[in-house]
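Numbering (the numbering used here), first residue to last: 6 to 71. Beta carbons: idealized from backbone N, C-alpha and C, even for Gly. Fair warning: this is a prediction, and the values are worked out from it, not measured in the lab.
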């Protein structure tokens, strides 16, 4: 059995820019077929937006919608 060759760890493994978090998340969904995560993420983002708006001056308008 041969020992593994030494690796130079001073250089980054991948220097390509993938475009950010949303692009990485989109590629994750497409590659791993995790489409069931999409409604959960949308719901959590919607609740987060309602919480932020509920603490602002828009709260009376949000209350009248529901």
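Rounded separation between residue 69 and residue 59 - CA only: 12 angstroms
- prompt: What distance in whole Å lies between the Cβ atoms of residue 50 and residue 43, which are believed to be in contact at a cut-off of 8 angstroms?
  reply: Actually they do not touch by this definition, with Cβ atoms about 11 angstroms apart.
- request: Have a look at residue 67 and residue 45 and give me their C-alpha separation to the nearest angstrom.
  value: 22 angstroms
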